[in-house]
Each structure stands twice: as C-alpha cells, then as structure tokens.
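**Q** To start, I am sharing the structure in question, which I have written as structure tokens.
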Amino acid sequence: AILARHPELGAEVAAERALVAQARAGLAASYQAAPPLLSYADMMAAVKADRASTRRGALARLAAWWHNFLSPAWASAALALLVLGVGVQTYRLEQVRSAQVDATYRGLPQQASRPLLKVVFTDELSMGELRKLLSGMHLDIVGGPDEQGVVWLALSEGSAAQAVENLKKSKAVIDAKVVTEGR
-15 AILARHPELG AEVAAERALV AQARAGLAAS YQAAPPLLSY ADMMAAVKAD RASTRRGALA
45 RLAAWWHNFL SPAWASAALA LLVLGVGVQT YRLEQVRSAQ VDATYRGLPQ QASRPLLKVV
105 FTDELSMGEL RKLLSGMHLD IVGGPDEQGV VWLALSEGSA AQAVENLKKS KAVIDAKVVT
165 EGR
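Mapping the sequence shown onto this note's numbering, position 161 (from 1) lands on 145, and the numbers just tick up by one.
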C-alpha cells in the first residue's frame, strides 16, 4: 500500500531486496565451504534444554552439582564423618540415659550390720524437723522418699523395736515398721 502511494520508493526497495539476495547467497556459499558444527535447530534445542534445566528447582540444581562435584574420595570421607558423628551421638545418649536410670532407680545400700526401718512421715514435716527427730533417735536416712512417701532409715545404735516405738509416738509419723534386723 505504501509503494502504491509512493512509486518513487520502488527503486530503493528493489535495491534492498537485491542486497538481501546477495547476502543470502554469500552465507550459503560459506556454509558450503565450512558447514557449522550445529545447525540452527540444534542450537535452539540446546538453548531450550538449558532453560528447562534452570527452571527446575534449587534442589534439583543442588543435586546435579553434588553428583558432578563429589569424587569417590570426598564421598568416602563424608560417609566416615557421618558414621563417626552418629556413633558419638549414640554413645552420649546412652550415657545420659544411664545417668537418668541411676538417678531414678536407687537401691538401698547394703547395711548388713544395721537394722532398717520403713517409715512414712506426714506431708507437713519440714526437713529441719525431720533432722531433729532423727538425730535424737540415732537414725540415718539411707533411701527415699519414694512416690508413696516411704523413707528408709538405718539405726546406728540401740534397739530397732524401741526406735519404732519412739517414732510412732511422734505426731509427724504416719507408719513405721522394722524391715530387717541387724545381723
């Protein structure tokens, strides 16, 4: 439509078309002399594949980097470090668990020559009052109190039956009995 309205531009357009034809002929001749390593279609396919790989997530890129970067020596060292870390952690957890078990479940020490008393005190009894009560009766705490409030006492001197009678006279004692006599 422009050429129909402006016939003076026709000669210029014809000259441009001749120039394009000469350029295409020269390019075809250079391709005949030394063809390119990749065709235009192959180059565009490679560009599309590259764009698709960059669109994958960061995790996929990291995995691709990891597989390309990691040599067998590095993989062996990383695995050895992982095994060492898990071993140390397991050892430390076992130590913590053993310490918790020891703190939770305490057995009574062997008191072969001292009689043991099993005593339940009232909840209102303070530690100071308990110390006073026990020091006057020559009793030592050797275990407890446990979940039921039972305290194990060892008699350092005197009779176990007499100690139980003295304990029962106190308002702070709910129950007291001899568990083992001294041997």
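Ideal Cβ placement from N, Cα and C applies to all residues, glycine included.
(1) With 16 other CB atoms within 10 Å as the buried threshold, where does residue 115 fall?
(2) Starting from residue 12, trace the alpha helix (DSSP H) both ways and give me its first and last residue.
(3) Considering residue 112, what are the terminal residues of the alpha helix (DSSP H) in which it resides?
(4) Can you tell me where the alpha helix (DSSP H) holding residue -15 begins and where it ends?
(5) At the level of alpha carbons, what is the spacing between residue 3 and residue 22?
(6) Here's the rule: buried if 16 or more other CB atoms are within 10 angstroms of the residue's CB, otherwise exposed. What is residue 8?
(7) Just tell me which of 135, 143 and 75 has its CA closest to the CA of residue 156.
(8) Is residue 167 buried or exposed, if buried means 16 or more other CB atoms sit within 10 Å of its CB?
(9) Rounded to the nearest angstrom, what separates residue 74 and residue 143 at their Cα positions?
(10) Would you say the segment 56 to 70 touches the segment 101 to 116, given that touching needs at least three Cβ pairs under 8 Å?
(11) Alpha carbon to alpha carbon, how far is residue 12 from residue -3? Give it in angstroms, no decimals.
(12) Consider the Cβ of residue 55: report whether some Cβ of chain C lies at a distance smaller than 8 Å.
(13) How is residue 130 classed by DSSP in three states: helix, strand or coil?
(14) Does the beta-carbon of residue 76 have 16 or more other beta-carbons within 10 angstroms, so that it is buried, or is it exposed?
(15) With DSSP as the reference, identify every bridge partner of residue 136, one or two as the case may be.
(16) Do the CB positions of residue 100 and residue 164 come within less than 8 Å of each other?
**A** Quick answer:
(1) To locate residue 115, count along the sequence shown from 1; it is residue 131. By the 10 Å Cβ count, residue 115 comes out exposed.
(2) Residue numbering aside, residue 12 sits at position 28 when the sequence shown is read from its first letter. From DSSP, the alpha helix (DSSP H) with residue 12 extends over -6 to 17.
(3) Stepping through the sequence shown from its first residue, residue 112 is reached at position 128. It spans 111 to 121 - the alpha helix (DSSP H) in which residue 112 sits, taken as one unbroken run.
(4) As a first step, residue -15 must be located in the sequence shown, where it is residue number 1. Note, residue -15: premise wrong, no alpha helix (DSSP H); not H, not E.
(5) Taking the first residue of the sequence shown as 1, we reach residue 3 at position 19. Taking the first residue of the sequence shown as 1, we reach residue 22 at position 38. Between residue 3 and residue 22, the C-alpha separation is close to 27 Å.
(6) As a working note, residue 8 is residue 24 in the sequence shown. The residue in question, residue 8, is exposed, as its Cβ has fewer than 16 Cβ neighbours within 10 Å.
(7) Against the sequence shown, residue 156 aligns to sequence position 172. Cα-wise, what sits closest to residue 156 is 135.
(8) For the purposes of this step, residue 167 is identified with residue 183 of the sequence shown, where counting begins at 1. At residue 167, the pLDDT of 41 sits below 50, so the modelled position is not reliable; the number obtained from the coordinates is stated separately. By the 10 Å Cβ count, residue 167 comes out exposed.
(9) As a working mapping, residue 74 is identified with position 90 in the sequence shown. As a working mapping, residue 143 is identified with position 159 in the sequence shown. Approximately 51 Å, taken between the alpha carbons.
(10) no
(11) As a position in the sequence shown, residue -3 is number 13, starting the count at 1. As a position in the sequence shown, residue 12 is number 28, starting the count at 1. Their Cα atoms are separated by approximately 23 Å.
(12) No chain C is present in this structure, which holds just one protein chain.
(13) As a working mapping, residue 130 is identified with position 146 in the sequence shown. Note: residue 130 maps to coil in three-state DSSP.
(14) Numbered from 1 along the sequence shown, position 92 holds the residue referred to as residue 76. Flag for residue 76 reads exposed.
(15) To locate residue 136, count along the sequence shown from 1; it is residue 152. Residue 136 pairs with 102 and 127.
(16) Numbered from its first residue, the sequence shown carries residue 100 at position 116. Numbered from its first residue, the sequence shown carries residue 164 at position 180. For residue 100 and residue 164, yes; Cβs fall inside 8 Å.
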